[in-house]
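S.K.: Can you keep this structure in mind? I'll have questions shortly.
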Amino acid sequence: MGGPVPGHAARISFHFHQEDLTVQPVELAKNVYWVGAVDWLTRDFHGYSTYRGTTYNAYLIIDEKVTLIDTVKRPYHGELMHRIRNIIDPAKIDYIVVNHVEMDHSGSMPQVMEEIRPEKVICSKMGHKALLKHFHQEDWPYHVVAPGEEINLGEKTLNFLETRMLHWPDSMFTYLVEDQILFSSDAFGEHLATSERFDDEVNQDVLMYEATKYYANILTLYSPLVKKLIAKVQEMNLPIRMIAPDHGIVWRSDPGKIIEAYSRWCRNEGKGYALVIYDTMWHSTEMMAKAVADGLLDEGISYKLLDLSVNHRSDVMTDVLEASAIVLGCPTLNNGMLPRMAGFLMYMRGLRPTNKVGAAFGSYGWSGEAVKLMNQAMKEMKFTICHEGLRVQYVPEHGQLKECVELGRHVGRTLKDFMAGKEIESVL
Ligand code: FEO
Numbered sequence: 010m011g012g013p014v015p016g017h018a019a020r021i022s023f024h025f026h027q028e029d030l031t032v033q034p035v036e037l038a039k040n041v042y043w044v045g046a047v048d049w050l051t052r053d054f055h056g057y058s059t060y061r062g063t064t065y066n067a068y069l070i071i072d073e074k075v076t077l078i079d080t081v082k083r084p085y086h087g088e089l090m091h092r093i094r095n096i097i098d099p100a101k102i103d104y105i106v107v108n109h110v111e112m113d114h115s116g117s118m119p120q121v122m123e124e125i126r127p128e129k130v131i132c133s134k135m136g137h138k139a140l141l142k143h144f145h146q147e148d149w150p151y152h153v154v155a156p157g158e159e160i161n162l163g164e165k166t167l168n169f170l171e172t173r174m175l176h177w178p179d180s181m182f183t184y185l186v187e188d189q190i191l192f193s194s195d196a197f198g199e200h201l202a203t204s205e206r207f208d209d210e211v212n213q214d215v216l217m218y219e220a221t222k223y224y225a226n227i228l229t230l231y232s233p234l235v236k237k238l239i240a241k242v243q244e245m246n247l248p249i250r251m252i253a254p255d256h257g258i259v260w261r262s263d264p265g266k267i268i269e270a271y272s273r274w275c276r277n278e279g280k281g282y283a284l285v286i287y288d289t290m291w292h293s294t295e296m297m298a299k300a301v302a303d304g305l306l307d308e309g310i311s312y313k314l315l316d317l318s319v320n321h322r323s324d325v326m327t328d329v330l331e332a333s334a335i336v337l338g339c340p341t342l343n344n345g346m347l348p349r350m351a352g353f354l355m356y357m358r359g360l361r362p363t364n365k366v367g368a369a370f371g372s373y374g375w376s377g378e379a380v381k382l383m384n385q386a387m388k389e390m391k392f393t394i395c396h397e398g399l400r401v402q403y404v405p406e407h408g409q410l411k412e413c414v415e416l417g418r419h420v421g422r423t424l425k426d427f428m429a430g431k432e433i434e435s436v437l
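The working numbering numbers the first residue of the sequence shown as 10 and each following residue consecutively.
Structure (structure tokens):
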């Protein structure tokens, strides 16, 4: 571990943190190294809560043509370069592969290009366009690869698989033929900062929770494309010994585990449980939510009560991924919904989960539009809405709470039919 240099106190605040770390590369296979960076600090990724931090993975292949696959977020440039220097002089790198242009992987490209001056910057056609729009450098030595194109590095060979819109237009995978390693960009990753680099070295429950959260919050919208991609990879019959994504751990012991999970998630098959997602102003909607949950339980349906004031939207989305029924509760405020529910629905609509039973409820004072608005949002997501919605003026009394219990039972019964594959007409 390096320390502050006497007489160089000005370096401490930023550079000490990023550049004086012990930065060992990790070997994946002979002459293939992880040289990325671990971000223990980040807690928010454009609205996605990252309580366990993340990593920005980059990989170095030593061959006749030395190749760097992806770079890191700009503040972690020093960590990347130190790891590379522990293996080779960065100036000896011949090729840089840019699998994905989003700034968490390309942010340090300007400095990296300055220091390395590679012979080729290898990217997809859309990657080329995106790099130009990000860094405005016409004279970088771009080498656009077509899907399936091979580049020989000496003893090793790279093959490129276009994965447009997974999750950006520029996204692609790079496959290292001889070592059977799939460098999968954002796909198959998770936001998880760890000292370990491999799947078999970390807690499996934490790993799969974070992988689920990652899929739910980044890839749900692209599930139809994930489905096609998995079918394509299976058709190509690519032997995959390891999956090396751009975030989190490398799947070396069981890459099939994450492929199988993606195959399941992209089919939007729920596990039969319900979520009661609500916000409340003076606890009336909360009382209704608990009564609805009682009704679900009466029908033997497992549920979670998720108050949006204490559950982050990205955690709620993680539960939404495999839920089969979504029951939304919100009071009316200024002829609309409470801001937290409005924000959550905008977020969920953007990710477009499908194949769910839906219903809504809420208390109101004099206008009561919230239930209609929640129903509208669920209709747009093509949920099977099984009830026109339940509203209670001001504070529910015993009889009205019984109606809420009955709503929960109705959702429960509908859900059982839905899971049994019966045809159910949406009421809206
Ligand atoms: Fe990890 Fe789409 O960037």
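Ideal Cβ positions, reconstructed from N, Cα and C, are used throughout, including at glycine.
In this text, all values refer to a predicted model and were calculated from it rather than measured experimentally.
Does the beta-carbon distance from residue 339 to residue 366 come in below 8 Å?
M.R.: Counting from one through the sequence shown, the residue named residue 339 turns up at place 330. Counting from one through the sequence shown, the residue named residue 366 turns up at place 357. Not a contact, by the Cβ cut-off of 8 Å.
S.K.: With 16 other CB atoms within 10 Å as the buried threshold, where does residue 13 fall?
M.R.: Counted from its first residue, the sequence shown places residue 13 at position 4. Any reading at residue 13 must be qualified, since the residue scores a pLDDT of 32, below 50, and its modelled position is unreliable; the value itself is stated next. Exposed.
S.K.: Any idea if residue 309 is buried or exposed, counting beta-carbon neighbours within 10 angstroms, 16 or more meaning buried?
M.R.: Taking the sequence shown and counting its residues from 1, the one referred to as residue 309 is at position 300. Counting of Cβ neighbours within 10 angstroms places residue 309 among the exposed residues, the total staying below 16.
S.K.: Which residues count as close to ligand 1 when the rule is a CB under 5 Å from any of its heavy atoms, in chain order?
M.R.: My final list is 111, 113, 195.
S.K.: Decide if the region 195 to 206 is in contact with the region 244 to 259; the criterion is three or more beta carbon pairs, one per stretch, under 8 Å apart.
M.R.: Segments in contact, yes.
S.K.: Determine the direct distance from the alpha carbon of residue 155 to that of residue 369, and round the result to whole angstroms.
M.R.: As a first step, residue 369 is located in the sequence shown; it is residue number 360 there, counting from the start. As a first step, residue 155 is located in the sequence shown; it is residue number 146 there, counting from the start. Looking at the two C-alpha atoms, the distance is approximately 48 Å.
S.K.: Quick one: residues in its chain with C-beta nearer than 6 Å to the C-beta of residue 393, no 5 flanking neighbours on either side, listed in chain order?
M.R.: Locating residue 393 in the sequence shown gives position 384, counting from the first residue. 366, 433, 435.
S.K.: Which residues does DSSP pair with residue 64 in a beta bridge?
M.R.: As a first step, residue 64 must be located in the sequence shown, where it is residue number 55. DSSP output for residue 64 lists 47 as bridge partner(s).
S.K.: Less than 8 Å between C-beta atoms, sequence neighbours within five positions excluded: which residues of the same chain meet that for residue 227?
M.R.: For the purposes of this step, residue 227 is taken as residue 218 along the sequence shown, with counting starting at 1. Excluding positions up to five away in sequence, the list reads 57, 176, 195.
S.K.: Examine the Cβ distances between the region 279 to 291 and the region 308 to 322 and report whether three or more of them are shorter than 8 Å.
M.R.: yes
S.K.: Rounded to a whole number of angstroms, what is the C-alpha to C-alpha distance between residue 298 and residue 238?
M.R.: Translated into the one-based positions of the sequence shown, residue 298 becomes position 289. Translated into the one-based positions of the sequence shown, residue 238 becomes position 229. Each residue's Cα considered, the two are about 40 Å apart.
S.K.: Relative to the C-alpha of residue 269, which residue among 294, 242, 146 is closest?
M.R.: Residue mapping note: residue 269 aligns to position 260 of the sequence shown, counting from 1. Nearest C-alpha to residue 269: 242.
S.K.: Which value, in whole angstroms, describes the spacing of the CA atoms of residue 53 and residue 73?
M.R.: Within the sequence shown, the letter at position 44 stands for residue 53. Within the sequence shown, the letter at position 64 stands for residue 73. If I take the Cα positions, the gap works out to 40 Å.
S.K.: With a CB to CB cut of under 7 Å and the five nearest residues on each side skipped, what residues in its chain are close to residue 144?
M.R.: Within the sequence shown, residue 144 is the residue found at index 135, counting from 1. For residue 144, same chain residues with a beta-carbon under 7 Å away, outside a window of 5 residues either side, are 118, 119 in chain order.
S.K.: Assign residue 245 to buried or exposed, taking buried as 16 or more other Cβ atoms, counted over all protein chains shown, within 10 Å of its Cβ.
M.R.: Within the sequence shown, residue 245 is the residue found at index 236, counting from 1. So residue 245 ends up on the exposed side.
S.K.: For residue 162, tell me which candidate among 40, 133, 92 has the shortest Cα-Cα distance.
M.R.: As a working note, residue 162 is residue 153 in the sequence shown. That would be 40, whose Cα lies nearest to the Cα of residue 162.
S.K.: Determine the contact status of residue 302 and residue 354, defining contact as a CB-CB distance below 8 Å.
M.R.: Working through the sequence shown from its first residue, we reach residue 302 at position 293. Working through the sequence shown from its first residue, we reach residue 354 at position 345. It is not a contact, given that the beta carbons lie outside the stated cut-off.
S.K.: Taking DSSP as the reference, what is the three-state secondary structure of residue 204?
M.R.: The count along the sequence shown starts at 1 and reaches residue 204 at position 195. Correct three-state label for residue 204: coil.
S.K.: If you compare alpha carbons, which of 293, 333, 231 is closest to residue 403?
M.R.: For this step, residue 403 is matched to residue 394 along the sequence shown. For the residues 293, 333, 231, the minimum Cα distance to residue 403 belongs to 293.
S.K.: What span of residues does the alpha helix (DSSP H) with residue 324 cover, start to end?
M.R.: Mapped onto the sequence shown, residue 324 falls at position 315. Unbroken alpha helix (DSSP H) run through residue 324: 322 to 330.
S.K.: Quick check on residue 341: buried or exposed, where buried means 16 or more other Cβ atoms within 10 Å of its Cβ?
M.R.: Taking the first residue of the sequence shown as position 1, residue 341 is located at position 332. When all chains shown are included, residue 341 counts as buried.
S.K.: Note the first and the last residue of the continuous beta strand (DSSP E) segment covering residue 152.
M.R.: Start at 1 with the first residue of the sequence shown, and residue 152 comes out as number 143. First-last of the beta strand (DSSP E) with residue 152: 151 to 153.
S.K.: Compare the Cα-Cα distances from residue 168 to each of 78, 114, 391, 362 and report the closest residue.
M.R.: Your numbering for residue 168 matches position 159 in the sequence shown. That would be 78, whose Cα lies nearest to the Cα of residue 168.
S.K.: Evaluate contact between the region 133 to 148 and the region 81 to 98, counting only Cβ atoms and requiring at least three cross-stretch pairs below 8 Å.
M.R.: no
S.K.: Let's see if you can read the secondary structure: which residues bound the alpha helix (DSSP H) around residue 192?
M.R.: Here residue 192 is taken as the residue at index 183 of the sequence shown, counted from 1. Where residue 192 is concerned, there is no enclosing alpha helix (DSSP H), although the beta strand (DSSP E) it sits in stretches over 190 to 192.
S.K.: Is residue 213 near ligand 2 - that is, is its Cβ less than 7 Å away from at least one heavy atom of it?
M.R.: For the structure depicted, ligand 2 is absent and the ligand set comprises only ligand 1.
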